[in-house]
Amino acid sequence: MCCPEPEAHPHAKTIIMSENSYEKEIRQLRLEVAPGQTTPVRIDRYLAEMVQNATRSKVQQAITAKRVLVNGAPTKASYIVQAGDVIEAEILKPKIPDLAPEEIPLDIVHEDDDLLVINKPADMVVHPAFGNWTGTLVNALLHHTGELSETNDPAVRPGIVHRIDKGTSGLLVVAKHDTAHQRLAKQFAAHSIARTYQAIVWGHPPQEGTFDSLIGRSPRDRKRMAVLTDGRGKRAVTHYRVLEHFDHLSLIEARLETGRTHQIRVHFADAGFPLLADEAYGGASIRYGSNTGFRKDLFQKLFKRLGRQCLHAKTLGFEHPATGAPVAFDSPLPPDFREALHALRQYCQ
Numbered sequence: 001m002c003c004p005e006p007e008a009h010p011h012a013k014t015i016i017m018s019e020n021s022y023e024k025e026i027r028q029l030r031l032e033v034a035p036g037q038t039t040p041v042r043i044d045r046y047l048a049e050m051v052q053n054a055t056r057s058k059v060q061q062a063i064t065a066k067r068v069l070v071n072g073a074p075t076k077a078s079y080i081v082q083a084g085d086v087i088e089a090e091i092l093k094p095k096i097p098d099l100a101p102e103e104i105p106l107d108i109v110h111e112d113d114d115l116l117v118i119n120k121p122a123d124m125v126v127h128p129a130f131g132n133w134t135g136t137l138v139n140a141l142l143h144h145t146g147e148l149s150e151t152n153d154p155a156v157r158p159g160i161v162h163r164i165d166k167g168t169s170g171l172l173v174v175a176k177h178d179t180a181h182q183r184l185a186k187q188f189a190a191h192s193i194a195r196t197y198q199a200i201v202w203g204h205p206p207q208e209g210t211f212d213s214l215i216g217r218s219p220r221d222r223k224r225m226a227v228l229t230d231g232r233g234k235r236a237v238t239h240y241r242v243l244e245h246f247d248h249l250s251l252i253e254a255r256l257e258t259g260r261t262h263q264i265r266v267h268f269a270d271a272g273f274p275l276l277a278d279e280a281y282g283g284a285s286i287r288y289g290s291n292t293g294f295r296k297d298l299f300q301k302l303f304k305r306l307g308r309q310c311l312h313a314k315t316l317g318f319e320h321p322a323t324g325a326p327v328a329f330d331s332p333l334p335p336d337f338r339e340a341l342h343a344l345r346q347y348c349q
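Structure follows, in structure tokens:
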């Protein structure tokens, strides 16, 4: 999916961050707790969840040092945040280790002087992040080539124009220099990149359709996204068609118009058709049909074999940033996806 823009947290009306002028290691924040905040939560836990890469201990240190104010006054770590509270905080930034090149095999579909197209395995994370600094696509790219763009957060995401989730396999494009990056990013922003995914979903959705909704952080779980109905979030549009029906499941093709975090997974789960084996969105349990006997054994084997959402970024097309010529790439389904399809065709038709 396209590298998503920062999402508004469901409990924060505004988030403003800036570098502190007297110490670059300090983050300054101002948050207004949204009216929808009803679940009791301590301020130290709230800020640890709200602030990217902030640990609860760092938040508690800031509170002890009186660098966290609620409605203009110092607070305690045990304070329960209330709807409408204005929180101002200065929190130490986490230290970012230097990126290390790693000799990790890459499935390179295409490479030229301007870009690479990579077929990402499902278990690979695209770029380093807090608590996950090694073994990523970026680490592998640094070993493969010293030429990567620096447009998008070069400290942790050199070359990365967009990303696809861990657990999702398939195609993504990487920029080797800033001009290529900027021209590709413009195409993503204009929704002119052609991207199709294939997925196995629970149930039988209509033969074709479009999901058009607002997606943002889930009010119940900050690690998940959700379709929001209160005006928050960002517009997300997914077009789809059913390719094949099985008993209780379907193979679908999804075409992205936008590229929000977890977009396809959220849209289908919200409609009652979660992706097969997608633990985060309800697809890793038997949703339809018998949950005893042979079918139960079959589905449990599929869950174990996949171990991830059954989603693959199959095609990618764009205008080449140097020549302007249209280019298109296709990635075969990975072995676990093919094996799932084979089992469904053999036993569930």
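Residue numbers (full-length UniProt numbering): 1 to 349. Where is the CB? At the ideal position from N, CA and C, for every residue including glycine.
Which first and last residues belong to the beta strand (DSSP E) in which Y197 is found? Going by DSSP, Y197 is part of the beta strand (DSSP E) stretching over A194 to W202.
Go ahead and pull the three-state DSSP assignment for A140. helix
At which residues does the alpha helix (DSSP H) containing E339 begin and terminate? P335 to Y347
Please check the pair D247 and C348, which I expect to be a contact at CB under 8 Å, by giving their CB distance rounded to whole angstroms. 4 Å
Per DSSP, cross-strand counterpart(s) of M225: R217
Count the CB pairs spanning the stretch 86-96 and the stretch 47-58 that are closer than 8 Å, and state whether there are at least three. yes
Inter-residue spacing [alpha-carbon to alpha-carbon] between R345 and P154: 45 Å
What are the residues that DSSP puts in a beta bridge with N132? A129
Pick helix, strand or coil for K304, following the three-state DSSP scheme. Helix at K304.
Tell me where the alpha helix (DSSP H) around A48 begins and ends. First-last of the alpha helix (DSSP H) with A48: I43 to M50.
Mapping the DSSP letters down to three states, classify G324 as helix, strand or coil. G324 sits in coil when the DSSP states are folded into three classes, being neither helix nor strand.
Would you mind reading off the limits of the alpha helix (DSSP H) that contains K76? From DSSP, K76 is part of no alpha helix (DSSP H); its letter is neither H nor E.
Among the residues of its own chain, which have a CB less than 6 Å from the CB of P334, if the five just before and after it don't count? S169, listed in sequence order.
How far does the beta strand (DSSP E) with R27 in it extend, from its first residue to its last? I26 to V33
Hey, would you say S149 sits closer than 8 Å to D178, going by beta carbons? yes
Three-state class that DSSP yields for D178 in the structure shown: It is helical.
Output the residue ranges of the alpha helix (DSSP H) runs that lie fully inside the stretch 243-313 and measure 4 residues or longer, sorted by chain position. Fully enclosed alpha helix (DSSP H) runs of 4 or longer: 263-270 and 293-306.
Could you give the first and the last residue of the continuous alpha helix (DSSP H) run that contains V59? R56 to T64
Rounded C-alpha distance that separates I252 from F211: If you draw a straight line from the Cα of I252 to the Cα of F211, it comes to about 14 Å.
Looking at the unbroken beta strand (DSSP E) that takes in N119, where does it start and where does it end? N119 -> beta strand (DSSP E) spans L115 to K120.
T238 Cβ short of 7 Å to the ligand NAD heavy atom set: Ligands in the displayed structure: none, and consequently the ligand NAD is not present.
So A140 packs on L106, CB below 8 Å; how close in whole Å? Contact annotation, A140 with L106: C-beta distance approximately 5 Å; criterion of less than 8 Å satisfied.
Quick check on the burial criterion: 16 or more other C-beta atoms within 10 angstroms. Buried or exposed for residue 353? Since the first residue of the chain shown is 1 and the last is 349, residue 353 is not available in this structure.
Within this structure, are the beta carbons of I43 and A77 separated by less than 8 Å? yes
Take A54 and list the residues in its own chain whose beta-carbon comes closer than 6 Å to its own, dropping the five residues that flank it on each side. A48 and I91
Alpha carbon to alpha carbon, how far is D113 from A271? Give it in angstroms, no decimals. Straight-line Cα distance between these residues: approximately 43 Å.
Per DSSP, what kind of secondary structure is R157 in: helix, strand or coil? In this structure, R157 counts as coil in the three-state DSSP scheme.
Using the beta-carbon count (16 or more within 10 Å), is H312 buried or exposed? buried
Beta-carbon proximity list for A180, same chain, < 8 Å, skipping 5 on both sides: Answer for A180: D114, L115, S149, P321 and A322, listed in chain order.
What does a CB cutoff of less than 7 Å around L302 pick up in its chain, not counting 5 residues either side in sequence? L276, A277, A340 and A343
Exposed or buried, what is A83 when buried is set at 16 or more other beta-carbons lying within 10 Å of its beta-carbon? Per the 10 Å Cβ criterion, exposed.
Which residues in the same chain have their Cβ closer than 6 Å to the Cβ of I193, if we skip the five residues on either side of it in sequence? Q187 and F318
Spatial distance of K223 from E208 (CA atoms): In this structure, the CA atom of K223 is about 29 Å from the CA atom of E208.
Other residues of its chain near S21: CB distance less than 8 Å, five sequence neighbours each side excluded: Confidence is the limiting factor: at S21 the pLDDT is only 35, short of 50, which leaves the residue's position unreliable, though a coordinate-based value still follows. So no residue of the chain qualifies.
Nearest neighbour of L228, chosen from R195, P206 and V266 [CA to CA]: V266
If you run the structure through DSSP and keep just helix, strand and coil, what is A83? coil
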